[in-house]
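Asks: Before anything else, here's the structure in question.
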Amino acid sequence: MADVKLAIVFYSMGGSNFQMAKWAAEAAKESGADVKLLKVQELAPQSVIDGNPAWKATVEATKDIPVATADDLDWADAIIFSTPTRFGVMASQMKQFLDTMGGLWAQGKTINKVVSAMTSAQNPHGGQEATILSLYTVMYHWGALVAAPGYTDPVLFGAGGNPYGTSATIGQDGKIVGDVEPAVKHQAKRTISVAQAFKNGNK
């Protein structure tokens, strides 16, 4: 069984990335990993959130989930990030969290973390690939090891076949389109597998 410590760090406004993070946590636990499900700090004013029913509902649904810290990333062998796209890059809430990890990076504590990323957008070509790649750019600076899903399992095509990370398209009803859950779970298990192999190789 895996003895990998996995942090799943998400930002979610409409609930989709929260759902994807929960699927990833389920799969990781099935693989025997020690899992922390964590959110990044919300930056938007409460008055703005209150004016958007879906956003307000997501904030309420995630109120008991801990906010991610540098200590959580230090603890983790592997990290899965999940963030919606904002004009082809990660949401500012996720970027702000990563920007506060300079101390961890300066101590060399981001080196060799196994990382993977997921995202969502309103349409299949709404910047999904670019968003994941923008997050991976940070990971290259960290000295982290990117565990992209590639085309390692046919289930990826149910979610659109993004080789960089699972990307969900969100319909006008606010629901995830397509069969995304199997792709998320495969990506999580692959991340655990890569992290486990790396840990075993360094014993």
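Numbering (this note's numbering), first residue to last: 6 to 208.
In this text, a Cβ means the ideal position worked out from N, Cα and C, and glycines have one as well.
Because the structure is a prediction, the values reported are computed rather than measured.
Expressed to the nearest angstrom, what Euclidean distance is found between the alpha-carbon atoms of T196 and F203?
Replies: Near 11 Å, if we compare the C-alpha coordinates of F203 and T196.
Asks: DSSP beta-bridge partners for A83?
Replies: L11 and V119, per the DSSP bridge assignment.
Asks: If the criterion is Cβ atoms closer than 8 Å, does the pair H191 and P154 meet it?
Replies: Taking 8 Å as the Cβ cut-off, H191 and P154 qualify as a contacting pair.
Asks: Pop quiz: D178 and A164 are said to be a contact at Cβ under 8 Å. What is the actual Cβ separation, rounded to whole angstroms?
Replies: Not really, about 18 Å apart at Cβ, beyond 8 Å.
Asks: Using CA atoms only, rank isn't needed, just tell me which of V72, D76, A33 and V14 is closest to G107.
Replies: Selected option, being the one with the closest Cα: D76.
Asks: Counting beta carbon pairs with one atom in the stretch 59 to 70 and one in the stretch 93 to 101, are three or more of them shorter than 8 Å?
Replies: Segments in contact, no.
Asks: Is the separation between the beta-carbon of T90 and that of P129 shorter than 8 Å?
Replies: Contact flag unset, no.
Asks: Could you please give the first and the last residue of the uninterrupted alpha helix (DSSP H) stretch that includes V199?
Replies: Counting along the chain, the alpha helix (DSSP H) containing V199 begins and ends at E186 to G206.
Asks: Please go through the same chain and pick out, in chain order, the residues whose beta-carbon is closer than 6 Å to the beta-carbon of Q46, but skip the five residues on each side of it.
Replies: If we look at Q46 and ignore the five residues flanking it on each side, its Cβ neighbours are V72.
Asks: Of all the options F92, Y156 and V119, which has the alpha carbon lying nearest to the alpha carbon of A126?
Replies: When only C-alpha atoms are compared, the closest one is F92.
Asks: Please state if the CB of T105 and the CB of M95 are separated by a distance shorter than 8 Å.
Replies: Not closer than 8 Å, so no.
Asks: Can you tell which of G148, S172, G166 and W147 has its C-alpha closest to the C-alpha of Y5?
Replies: Here the chain has residues from 6 to 208 only, and residue 5 is not among them.
Asks: Could you name the residues of the same chain whose beta carbon sits closer than 6 Å to that of M123, not counting the 5 residues immediately before and after it, in chain order?
Replies: Correct list, in chain order: M25, S87, G170 and T171.
Asks: Check whether the Cβ atoms of I85 and A193 lie closer than 8 Å to each other.
Replies: In this structure, A193 lies closer than 8 Å to I85 by Cβ.
Asks: Could you name the residues of the same chain whose beta carbon sits closer than 7 Å to that of M18, not counting the 5 residues immediately before and after it, in chain order?
Replies: Only W60, T63 and P89 meet the Cβ criterion.
Asks: Given that a residue counts as buried once 16 or more other Cβ atoms are within 10 Å of its Cβ, and exposed if not, what is S52?
Replies: Exposed is the call here.
Asks: When DSSP builds the beta bridges, which residues end up paired with L150?
Replies: Paired residue(s): V119.
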